[in-house]
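Numbering (my numbering), first residue to last: 401 to 538.
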(Lines of atoms letter the chains of each structure in order from A and count residues from 1; the text may use other names and numbers.)
(Lines give C-alpha, C1' and ligand atoms only; values in the text may rest on other atoms or scores of the structure.)
Protein backbone atom coordinates (compact mmCIF):
# COMPACT_ATOMS: atom_id res chain seq x y z
CA UNK A 1 0.00 0.00 0.00
CA UNK A 2 2.80 2.36 0.69
CA UNK A 3 4.08 2.06 -2.85
CA UNK A 4 0.65 2.96 -4.21
CA UNK A 5 0.42 6.06 -2.07
CA UNK A 6 3.94 7.13 -2.97
CA UNK A 7 3.12 6.70 -6.65
CA UNK A 8 -0.04 8.70 -6.18
CA UNK A 9 1.79 11.50 -4.36
CA UNK A 10 4.48 11.73 -7.04
CA UNK A 11 1.75 12.03 -9.70
CA UNK A 12 0.05 14.70 -7.61
CA UNK A 13 3.34 16.60 -7.41
CA UNK A 14 3.90 16.32 -11.14
CA UNK A 15 0.37 17.49 -11.97
CA UNK A 16 0.76 21.03 -10.64
CA UNK A 17 4.27 21.27 -12.09
CA UNK A 18 3.00 20.25 -15.49
CA UNK A 19 0.19 22.76 -15.20
CA UNK A 20 2.69 25.42 -14.17
CA UNK A 21 4.91 24.58 -17.14
CA UNK A 22 2.01 24.75 -19.58
CA UNK A 23 0.84 28.01 -18.02
CA UNK A 24 4.34 29.49 -18.25
CA UNK A 25 4.63 28.44 -21.90
CA UNK A 26 1.28 29.98 -22.81
CA UNK A 27 1.99 33.10 -20.77
CA UNK A 28 5.38 33.56 -22.48
CA UNK A 29 3.71 33.15 -25.85
CA UNK A 30 1.11 35.75 -24.86
CA UNK A 31 3.84 38.14 -23.69
CA UNK A 32 5.78 37.75 -26.94
CA UNK A 33 2.62 38.31 -28.98
CA UNK A 34 1.71 41.42 -26.98
CA UNK A 35 5.22 42.83 -27.52
CA UNK A 36 4.94 42.28 -31.27
CA UNK A 37 1.56 44.01 -31.26
CA UNK A 38 2.97 46.99 -29.35
CA UNK A 39 5.88 47.26 -31.78
CA UNK A 40 3.60 47.25 -34.83
CA UNK A 41 1.18 49.61 -33.12
CA UNK A 42 3.90 52.14 -32.28
CA UNK A 43 5.24 52.04 -35.84
CA UNK A 44 1.74 52.59 -37.22
CA UNK A 45 1.04 55.45 -34.79
CA UNK A 46 4.38 57.04 -35.65
CA UNK A 47 3.66 56.90 -39.39
CA UNK A 48 0.15 58.27 -38.84
CA UNK A 49 1.55 61.17 -36.81
CA UNK A 50 4.14 61.85 -39.50
CA UNK A 51 1.44 61.88 -42.18
CA UNK A 52 -0.73 64.20 -40.11
CA UNK A 53 2.15 66.66 -39.64
CA UNK A 54 3.56 66.34 -43.19
CA UNK A 55 6.83 64.90 -41.91
CA UNK A 56 8.73 62.21 -43.79
CA UNK A 57 11.21 60.10 -41.78
CA UNK A 58 14.71 60.03 -43.25
CA UNK A 59 14.70 56.46 -44.47
CA UNK A 60 11.47 57.00 -46.41
CA UNK A 61 12.35 60.25 -48.16
CA UNK A 62 12.44 60.12 -51.93
CA UNK A 63 15.44 62.24 -52.92
CA UNK A 64 15.52 61.83 -56.68
CA UNK A 65 15.88 65.32 -58.21
CA UNK A 66 16.48 66.62 -61.75
CA UNK A 67 19.91 67.98 -62.54
CA UNK A 68 18.45 71.17 -64.02
CA UNK A 69 16.74 72.24 -60.79
CA UNK A 70 18.59 75.53 -60.47
CA UNK A 71 17.78 76.51 -64.05
CA UNK A 72 14.07 75.64 -63.78
CA UNK A 73 12.78 76.48 -60.29
CA UNK A 74 9.15 75.65 -61.19
CA UNK A 75 10.18 72.17 -62.29
CA UNK A 76 12.25 71.69 -59.15
CA UNK A 77 9.39 72.81 -56.85
CA UNK A 78 6.91 70.52 -58.60
CA UNK A 79 9.39 67.65 -58.45
CA UNK A 80 9.87 68.17 -54.71
CA UNK A 81 6.10 68.11 -54.21
CA UNK A 82 5.87 64.83 -56.14
CA UNK A 83 8.70 63.38 -54.02
CA UNK A 84 6.85 64.39 -50.84
CA UNK A 85 3.59 62.82 -52.05
CA UNK A 86 5.45 59.65 -53.07
CA UNK A 87 7.11 59.42 -49.65
CA UNK A 88 3.74 59.84 -47.94
CA UNK A 89 2.29 57.16 -50.20
CA UNK A 90 5.06 54.80 -49.08
CA UNK A 91 4.08 55.40 -45.45
CA UNK A 92 0.41 54.71 -46.23
CA UNK A 93 1.49 51.55 -48.05
CA UNK A 94 3.49 50.37 -45.03
CA UNK A 95 0.55 51.04 -42.70
CA UNK A 96 -1.82 49.10 -44.96
CA UNK A 97 0.66 46.29 -45.56
CA UNK A 98 1.26 45.55 -41.86
CA UNK A 99 -2.36 46.04 -40.72
CA UNK A 100 -3.29 42.37 -41.40
CA UNK A 101 -0.27 41.27 -39.31
CA UNK A 102 -1.40 43.49 -36.45
CA UNK A 103 -4.96 42.15 -36.72
CA UNK A 104 -3.83 38.49 -36.71
CA UNK A 105 -1.58 39.10 -33.70
CA UNK A 106 -4.48 40.74 -31.86
CA UNK A 107 -6.62 37.66 -32.56
CA UNK A 108 -3.81 35.33 -31.43
CA UNK A 109 -3.35 37.31 -28.20
CA UNK A 110 -7.08 37.22 -27.52
CA UNK A 111 -7.19 33.45 -28.14
CA UNK A 112 -4.23 32.89 -25.80
CA UNK A 113 -5.82 35.07 -23.13
CA UNK A 114 -9.12 33.19 -23.37
CA UNK A 115 -7.31 29.83 -23.22
CA UNK A 116 -5.35 30.90 -20.14
CA UNK A 117 -8.51 32.18 -18.43
CA UNK A 118 -10.41 29.01 -19.32
CA UNK A 119 -7.74 26.43 -18.43
CA UNK A 120 -6.09 28.04 -15.39
CA UNK A 121 -8.64 29.25 -12.90
CA UNK A 122 -6.44 29.24 -9.78
CA UNK A 123 -5.95 32.67 -8.24
CA UNK A 124 -2.14 32.73 -8.57
CA UNK A 125 -2.50 32.01 -12.30
CA UNK A 126 -5.07 34.78 -12.71
CA UNK A 127 -2.88 37.25 -10.80
CA UNK A 128 0.07 36.63 -13.11
CA UNK A 129 -2.13 36.87 -16.19
CA UNK A 130 -3.63 40.15 -14.96
CA UNK A 131 -0.13 41.55 -14.34
CA UNK A 132 0.91 40.76 -17.92
CA UNK A 133 -2.26 42.24 -19.39
CA UNK A 134 -1.90 45.41 -17.31
CA UNK A 135 1.72 45.85 -18.44
CA UNK A 136 0.68 45.43 -22.07
CA UNK A 137 -2.10 48.00 -21.72
CA UNK A 138 0.39 50.72 -20.75
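The C-beta atom is built at its ideal place from N, Cα and C for all residues, glycine as well.
| Item | Value |
| --- | --- |
| Express the C-alpha separation of residue 511 and residue 437 in angstroms, rounding to a whole number. | 14 Å |
| Taking the alpha-carbon positions, what's the residue 517 to residue 488 distance? | 42 Å |
| Using only alpha-carbon positions, find the residue among 464, 491, 446 that is nearest to residue 479. | 464 |
| In three-state DSSP terms, what is residue 465? | coil |
| Report the residue from 533, 529, 534 whose alpha carbon sits nearest the alpha carbon of residue 424. | 529 |
| State buried or exposed for residue 435, treating a residue as buried only when at least 16 other CB atoms are found within 10 Å of its CB. | exposed |
| Could you compute how far the alpha carbon of residue 504 sits from the alpha carbon of residue 466? | 43 Å |
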